[in-house]
Structures are given as structure tokens and as C-alpha cells.
């Protein structure tokens, strides 16, 4: 088996760290307890392990192809997608009233993780469909919801996000695609969109493109962008598919990784205009797109966890099998499997600690989102929404950046074999490289963390999280086991570093924005390791309590948390220095362009 | 121009940090002063920039091919190699008595850097030939030297290193290839070697394979390995090429990167045995191979610097050209080129600081090697040899690991375009990935650093370097410029961390080898950032003194050194914690295999 869903750890995190019981106590989630979670995860694992995981290498070797505007997915993908659709997997977290399963995001998140771990390229298609569903549910008219959402939830149709243009990447103010009203309530859309993931393919009968465009006389910049539905095939009044719309895939990209997932250049309106339907109000497109994007950003963070775990599993399997060199402590006369060598073990522990920490942070964030959506008390909803929104750029930015390190270590564990494509470790290294880029680069996430998530509330949410961390530190200090006390020491140092950085960001952003934004990615990384380390510390406390029940699992959890604390958390102070002591590097920010 | 050799920085480092004047004062290097260095570097740059750099992308798109045992290099490579040979570039650092140029390693090193920066795949062929030359010069008989070395130095023939076998990678004790004496002084070699770089190709008329093999009745393990010359074509008494030897390339690998460089599986002796000639004495092969390997390890460290610099140059060019988003400080109403955005600048500064630090450390190491070879006083030679040997695993391990980060940042600066292969940034990311693996993985380098380079002399060389660092710290503290004082603070903290780790390694290796070796790669990384940061600090002191002469260059040097100090050096303390406080992770080392 090339991938085994880590159901045990997933359920542990869901129940013990993300508070699945609390989620199952929310209105509408009464059936979403531990039993449901286990059943859903086990069923999801079957599809992922048996159908999707074996297709992952295939997708890398035989990417999607383009011919005369038609994109054919990797052989086997269409059939696998049919099974995905038949299992109802697109609908896991979507409302029952549109024929979804109505499960909490907490339970959907491990499903998303395993989908991506088994096949990142494949999983991108449902990932973007999820985003389209969320945008339509939030901003679409009732008629639009009725027309599109059930088909998207069933998986009969898929969705896309059309933001990027050649001149407009991170900067959506530069979007030029235009939408001309036809007087009948419809628009005609003209323009070129690039980097459209699964923008054209043969796995579903229709594709619902959500497209950012400008109406005539719209204001310049981001305040003049509207959001449109542009279906690949027009839909008749009775819901049947009609004429082909004027949106065409003119090419797909030749990429470093995720090769099975077609990245399309879409041309809108070369033959008279693509029929488009306005979502919500004119000029509020960016706001709606952000709904979609936030869902997608969270999911991309889970892609980081997913590919990291897959790389970890492969590295462990190789390390147990590959025999090379005698043990350094002289405990055997013969060469042993490399898992016994201290540095191989260090690499595996690092891969594992980062992956488990990021997984825990992601699932905890998902639970906050569930409470934010379903809690009876509006005040509680708002509080959890704020925490979730603070966590999203961290989940996205940190989990994806760490996936670069983990997949790179995965190659390293394989030695020279890791560099040979047939081995498979290199694919994860290549695939992961897109994750800190798409759906907003790490710098964009960090800008969001600084601007909207820290400055806007004067650091209030961050302070709230820091107080929660204090509780964990106190509990750790009360333990007599040295490993837990060591975790307490490192977590406290990390917490203090984060606290000082938050303070610095809030105090200096107005006065010296360049310095603060020069430290924005380091701040995000710092927040990631402290919050991830906190989750691991919480896990260690629980594991200590239950150790007797399952010594192997809980023992490993404590060791992994200790590794995280002693190898990852100490860097918090170093990052603080690079931000605060260095004041964002007054000097190097002032270098002339010519000096580079 | 896709690559511009950074001659100004190279000469600065050579003259001011590596002490080229001292080198030019050594017997036999009288003509190797600054003028010679400049002339050689400028001439080398022409070939690298104009001929080799443009072929780099070509090599990635059209790798070497294998057909019926014949390997054809990428179109254009053969002609480029002819120009390389005609320029006498293979002979730069080799003795004049064998028709080399007899220049110091200090001057050869920037040539090697630019060769690799322009075309990593191409440069591997001369890199391995260099290693073969060194091994033959040290351990070959006079007749062997006369027969092979001039042809290798001229570039008419190329050399290879044949160590690895399917079951014997890092662990050469497992080598099985056998060599049977024929009674006439020759041997017949039988076996399979894998991962043989440029093991077969059409760029030169002959290939001199140096092959590790066992003679009958040789002791088990590494003490029973001998080194043999196995030429592709046998050589007649008159030096002309004779019959094809029984060594054949049965396939080449499909790799993540350096695709133009054929990685061969070589089959020895399938048709009666490959004729081989013993080098030096039986069973001392590993010792001789280490000569070759040490030269190659240093050169691979320079490959790290090279690919990092190439990635930096590409990222800078893109950042100056790509216009996206308004400045965060509101200083412009329009979108600006992204080099103005603080995080892009941070990424570029990080790429630059790491690259310059590693370059400086490498060139300084090369100068130690020159003194070790040529100084009149044996005691001085021994002292510098010991420093050089301490530095080699650090130059190899740290420079190549940092090249992974730098080439990854290079992709990130390009955003989505970085993930598209046509852009070219991804090639560096893929190419670099082999560097911390071949010629001994980072763990192997770290074992060498701990075992042979630190424990054997009780940390004496390390202490000597720490004392030299103290001198730099004192000089920095005497300055009144805040940037230099900040560098002093961080360098001192880094120095202290390294000192404590050396002490820990020396004190604990016997008692607790697993813990110490679990911290070996972190120790190597720590040594890299402290020694690299030290070189940058030395550079800043000189730049401060000369700032008026060239404000742009020296100003940038100070800022870059400050960035290194404030963003890279603070991690020294964190690494110390992970080694010393964590004691190599007593806990996680004890996990059962099943717990992974």
C-alpha cells in the first residue's frame, strides 16, 4: 500500500484536540460524533488508499493532455472521479438541503487531508469545487443556488476559480477581463485567465467557472471587480445542458509538479462573448471571491499536511527496508536498516513532528469554524470566527512551507535513490512546491495575518490565543515527567517570543510599515511553530494521562511532541530576533535596486 | 545574459578574505597574484556566460540519451566541451609538469563556481576528472601518471569515480565488485556500478574509470577494497587507443535534475572481464578514493554556491521586471516592480546572504588548502591542512543544504511563474536537490565532522577557529557603526553556541554516541552558519573601511552581512538547544521501529 490514512492520529486529534464532542453538541451536528467520524474516515480511507493513491504516480508520468481545446485527464482519473462522485464525497461538508452530507468541517478536514495525500492532482478538482459551492451559497441568488449547487455537490459538475491574468497575479487590482451587460440580465465576458486549475477536463459533464471581471464604468482597482458564473455549457430552463459557451482552453502549462492537474489558459469571448451571470452585486466580486479563497486557503494548508504525511510514510518504509552501515554505537556487527541510524531517525522525527503539529493546528482551526457557523450564541460565533480567521493564513502559509522541508527530507532519507524519479520521493518534492504559491503566496498570507488579522483588532485574537497557551504551559509545569517539563520550557520561550512580536507588529505598523511587513513572513512562521508546538504540547499532556491505554501510540506522541519542542520551538526566539531586534532590517530595505 | 559571473565579489573575497597575497607568496605561486586572478576569472567568465550558460536549459529539456550502450550528450555539449578543452580549463589547478596551469586552488575555485553556475550538468564532467587526476597524482605509479594524467589534464580524456553498487551506497564496506589478478600485473574486473556520473558519453575519446573492487582473499569490509584504473579503451604502449575494454553502460537514470549529465549503470566484465590496473597497494583503495572524494566534496560545496547564485540572479532579474501591487508604505499610487516589496526583498537578501557567506567560506578553505600544499614550513602546512579538512564537510554539507533553500526561494520570488518549467527557476530547484546527497550525504559529512574532524583532535582545530572568530568580534565591537555592532552581537552569540556544542560533542561522543550523532547534522549546520557569518562579518569590517571607494558595492556588502547576522546567525542558539539541551533526544531515539 503506497498510502495508509493515519486514521488513528486523525481521530485522536479530532476528539482530544479539536473537541469533536463540542462540535457534535452544536445545532445540526447532533449525529456528528466520534462514531460518525470514525465511520466516515474509514470509508474515505478505502477510496483514497485503494483507488486514488495508486493513480498518483500515473498522473505524474502521464499528465493531463491538451488537444484542440480538449483536455483529457490522466488515464484512470475519469473512472476514479466517478467513484468519488458515487460515494458522495464532494458533499461531505455541504448542506443537506442541497443534497450534501451536512457534516462539520472538522470531519471533512481529515477526508480532505487523505484525498490530497493519496493524490494531490486529483484532489485539486474537488478542492476548487468546494470553493465554488461556498461562494455560491454565500453570495448567489436563490435561483443560482438551486441551479448550480446541487449539481456541484453531487459532483456531476465541477467548479473553478478564475482570478489570475498574465499581468494580475497577487495584484487583482490589475484584472482586465470585462463583462458587458446584455440588457437581459446576462453579461458577455471577454478576456484571458491563466493558471486555472482543472479549468478544462473530461471528468465531469459541465464546469462552472467563477470569473472575476470588470463591468463598463466600474471603478479602477479592486473595488471595480465583479464575480460572474460562466458555465462551460449553458443550462436550459429545465436544467439540461445546452450550447457550448464561448470559453475555451487554449493551452495547459508544463509544470514542475501536480502534473495530472491541468492548469489551463482560458480564453473568454473570442467568438462573440462568453455568457456570464452576475453573482450578488456589481463591484463586490473580490469580497465574494474571498469566501471561496478562504475555504481554498484552508484546504491548501491541508494539502501541505497531506503531501508531508505521504512523504513521511514513504521515507519510513524505505528507512526500515534499506540496510546500510553498522550502528554508530557498535551495538551490531552487521549493517542495519537505516532507521537505526541517529540522523535518519532525526530526519524522520522532524518530518513527523512538523506534519503532526500542522495537522493538529488545521483540525483545531476547522473546529473553530464549525462553532463559528453553528453555535447558538452570536457572541460565541463571532469569537470563534475571529480565531478561525486568524488561523487561516497560518494554516495555509506554515503548513505549506513546512511541506517543502518535509518532502525535501523525504528525498534525503532515500539518498541517491531519492533523486531517481522511479523511486517516487521526488514527486512529492516537486508537487509540494506549488503549495506556498497558489491561493495566495506565503507573503500574501503574511500580509493578511499582519493587516486584517493582527492590526485590525490590535492583536486581540492573538492575545487570546497566547492566554490559552499559558494554560497549557501551567498544566505541563505541574507534571513531573522531564519530557513534559522540557516541552513547557520551550513552549514558554516560544510563547514569549510570539507575544513580543505581536506587540511589535501592533506598535510599529503605522510608523514603519516596511519594517513590519519585512517581518511578516517570519511572524507567520513564528506563529506557525508556536501554535503547532502548542497543539503538540496539548497532545503530550493527554498522551501522558492515557499512556497505559496504548503505550506505543501515546509514547510516540509524547516523544514527537518533545522533538517538536526541542528542535522546532527553539527557533521562535531566533525569528523574534530577526523581526524585532533587527527592526525589519532598516539597512537592507534601503538598498538601491542596482545593488541587487 | 542568463548568468553573469560575479567577478567583483569573487575578487573581493579572494583578495580580502582568502588572502590571495599570502597565497601568491607561496613557493610556485609567485605569478598567482591579483592580476592573474582577475585575468583568469574574466577569461573563464566568457566561456561560462557565452557558451555554457545558454546550454543549461537545453540540457534540461534534452537530456543525455542512451541507445545500445552509447550515450549521446545533449546537442551542443560536445562542441562546448571542445571549447572548454581548447581553453585549457581542465588544467587550471593541476601541476605544470603534467601540462596543467599550476594555479592555486584559490583561483581555481571561482572558476569552478562559475562553471557550475553556468551549467551544473556540464561541469560535473570536469569535476570528476579533477578527482581522478588528484587520485592518480597521489597514489598512481610514475608510469600511470605519465600515461593518464596529461590526457586528463588536457581534457582529451575524462575521469569517473566508481564507488556505488546497488547494495553499497553510503556503506562502502558492502562493495562486491571483484578484481582477479591475471599474473601479468593486470586484473580482470567484474561487477555492477551504479550512479556513475558521466560514466559514458561522446564528448571525449576515452574515459578513465577509477573503480573500487575486491581482490581474491581480501579482508571483509572497507579494509579489503582496492582501487583500479579501468579505461574505456585500452591504451597501447605508444599511448594510442586500442581495443574497447569490457565495461559497458547498460542504462542511464531518469532523474529529478541535472538531466544533461548522464548517470550511468556500468557493467564490468560481462564479456570476459574488464582489464584493470591496480593503483598503489592492494586494500588501500578507500584511502586513495578519499583523496578523490575530498576534492570532489569541496567542489560539490561550490556547486551549492554556484546554483544558489544562478537562482539569485534569475530571481533579482524577475523581481526588477515584474510589476505587481502598490508599495505597502503608500509611497506610490501605482503598482511597482516587486523588488520594492519588503518580503520579496527579504527573500532576495536571504538568497544573497547565504550565497555570499558560503562563497566566502569556500574560497577561504581553498586558500588554506593552498598553504597546506605549498608553505615552506611543515608545521604551517599541517596546521592549514587540518583547518582545510575541518572545513571540507562544512563547505560540502552547509553550502549544498543552503542551496536547497536558496533555489526554493528563487521559485517563490517568481510566484506562479516559478512553477512553470518554461520559466527556468524550477530547474535550479530540481538540479540542486542532488547536491546534499552525492559525494556523501549531509549525514556522512556530519559524521566526518564529528568523528575525524572534531573527536580525533579533541576539538583543537575547532577551538583554533573559535579564537580567530574572537578577533573579528573584538574588531567589530571597536566600531561605532550600529550595523557592525549588531553583527558583533549576533556573531558572538553564534560563536558561543558553537563553542558549547564542540565541547558537548567532545565530552559525550564516547559515552553516548547515539545522542552525539543525532546532533551531528545540526552541528554541521551550526558550524556552517557561524563560520559563514564570520566571513560575512570580516567582509563587513573591510567594506566599512573602504566604503568611500565604492559606496554601492561596499554598502551592499555591509547590509548583506548585517542581514546574515540578524536573520541567519540567531538560529545558532536554537540549534545548540536542539543538540545540547535536548541531548540528542534521548527519548525519540529509543522509539521502536513500529512506532514510526
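Residue numbers (this note's numbering), protein chains in the order written: chain L, 66 to 661; chain C, 66 to 661.
Each residue gets a CB set at the ideal place from its N, CA and C atoms; glycine is no exception.
Please read all numbers here as calculations on a predicted model, not as lab measurements.
Reference residue i; option with closest CA among the options
i, options, result
"residue 206(C)", "228(C), 559(C), 293(C) and 413(C)", "293(C)"
"residue 106(C)", "371(C), 175(C) and 568(C)", "175(C)"
"residue 476(L)", "509(L), 384(L), 405(L) and 263(L)", "384(L)"
"residue 280(L)", "348(L), 591(L) and 220(L)", "348(L)"
"residue 367(L)", "344(L), 306(L) and 189(L)", "189(L)"
"residue 244(L)", "263(L), 290(L), 237(L) and 211(L)", "290(L)"
"residue 129(C)", "452(C), 520(C) and 267(C)", "267(C)"
"residue 417(C)", "123(C), 629(C), 81(C) and 173(C)", "629(C)"
"residue 327(L)", "379(L), 380(L) and 261(L)", "261(L)"
"residue 73(L)", "321(L), 615(L), 624(L) and 633(L)", "615(L)"
"residue 479(L)", "404(L), 545(L), 120(L) and 306(L)", "404(L)"
"residue 568(L)", "556(L), 581(L) and 558(L)", "581(L)"
"residue 140(C)", "132(C), 123(C), 156(C) and 134(C)", "123(C)"
"residue 309(C)", "319(C), 316(C), 90(C) and 334(C)", "334(C)"
Where the beta strand (DSSP E) containing residue i begins and where it ends
i, result
"residue 131(L)", "130-132"
"residue 97(L)", "Here residue 97(L) belongs to no beta strand (DSSP E), and DSSP marks it neither H nor E."
"residue 222(L)", "222-227"
"residue 291(L)", "291-296"
"residue 343(L)", "339-343"
"residue 271(C)", "271-278"
Cutoff 6 Å; reference residue i; Cβ partners in own chain excluding five residues on either side
i, result
"residue 235(L)", "509"
"residue 213(L)", "201 and 273"
"residue 125(C)", "324 and 492"
"residue 446(C)", "437 and 440"
"residue 83(C)", "171, 428, 429 and 432"
"residue 350(L)", "277, 290, 291 and 292"
Element boundaries [alpha helix (DSSP H), containing residue i]
i, result
"residue 162(L)", "Careful: residue 162(L) lies outside any alpha helix (DSSP H) and carries neither H nor E."
"residue 213(L)", "207-219"
"residue 355(L)", "350-386"
Residues of its chain near residue i, where Cβ-Cβ distance is below 7 Å and the 5 sequence neighbours each way are ignored
i, result
"residue 71(L)", "374"
"residue 364(C)", "177, 192 and 195"
"residue 75(C)", "106 and 175"
"residue 318(L)", "328"
8 Å CB neighbourhood of residue i in its chain, flanking five on each side removed
i, result
"residue 301(C)", "307"
"residue 381(L)", "404 and 413"
"residue 672(L)", "Within the shown structure, residues of chain L are numbered from 66 to 661, placing residue 672(L) beyond reach of any answer."
Cβ-heavy atom distance, residue i to the ligand MG, below 7 Å
i, result
"residue 174(C)", "This structure lacks the ligand MG; in fact it carries no ligand of any kind."
*Check whether the segment 483-494 of chain C touches the segment 383-394 of chain L, counting contact only when three or more Cβ pairs, one atom from each stretch, lie closer than 8 Å.*
no
*In chain order, what residues of the segment 467-481 of chain C put their CB closer than 8 Å to some CB of chain L?*
469, 473, 476, 477, 480 and 481
_Short-range partners of chain L found in the segment 375-399 of chain C, where Cβ spacing is below 7 Å_ = 381, 385, 389, 390, 393 and 394
*asked:* Would you call the segment 391-401 of chain L in contact with the segment 414-427 of chain L, where contact means no fewer than 3 C-beta pairs closer than 8 Å?
replied: no
*Using a Cβ cut-off of 7 Å, which residues of the segment 307-329 of chain L contact any Cβ in chain C, in chain order?*
318, 319, 320 and 321
*Listed from N- to C-terminal order along the chain, which residues in the segment 445-470 of chain L have their beta-carbon within a distance smaller than 7 Å of any beta-carbon of chain C?*
469
*Could you say if the segment 537-547 of chain C and the segment 601-614 of chain C meet the contact criterion of at least three C-beta pairs nearer than 8 Å?*
yes
*asked:* Using 8 Å as the cut-off, can you tell me whether the segment 192-201 of chain C makes contact with the segment 145-154 of chain C, which would need three or more C-beta pairs spanning the two stretches below that distance?
replied: no
*asked:* Please identify, using Cβ separations under 7 Å, the residues of the segment 627-646 of chain L that lie next to chain C, in order along the chain.
replied: 627, 628, 631, 632, 635, 636, 638, 639, 642, 643 and 646
_Sufficient close CB pairs (3 or more, under 8 Å) joining the segment 425-435 of chain C to the segment 633-649 of chain C_ = no
*Anything in the segment 601-617 of chain C with a Cβ closer than 8 Å to a Cβ of chain L? List those residues in chain order, please.*
617
_Pairs of beta-carbons, one from the segment 246-254 of chain L and one from the segment 328-343 of chain L, closer than 8 Å: are there three or more?_
yes
*Can you list, in chain order, the residues of the segment 247-266 of chain C whose Cβ is nearer than 7 Å to any Cβ on chain L?*
260
*Taking three-plus beta-carbon pairs below 8 Å as touching, is the segment 620-628 of chain C in contact with the segment 498-505 of chain C?*
no
_Please list, in chain order, the residues of the segment 487-509 of chain C that have any C-beta partner in chain L closer than 8 Å._
487, 491, 494, 495, 498, 499, 501, 502, 503, 506, 507 and 508
*Inter-stretch contact at 8 Å, needing at least 3 Cβ pairs: the segment 153-168 of chain C / the segment 219-234 of chain C*: yes
*Is it a yes or a no for the segment 398-413 of chain L touching the segment 589-597 of chain C, going by three-plus beta-carbon pairs under 8 Å?*
no
*Would the segment 454-461 of chain C and the segment 102-120 of chain C be scored as touching if the rule is three or more Cβ pairs under 8 Å?*
no
_Residues of the segment 560-582 of chain L in Cβ contact with chain C at a cutoff of 9 Å, in chain order, please._
577, 578, 579, 580, 581 and 582
*Going along the segment 114-135 of chain C in order, which residues come within less than 7 Å of chain L, judged by CB to CB distance?*
none
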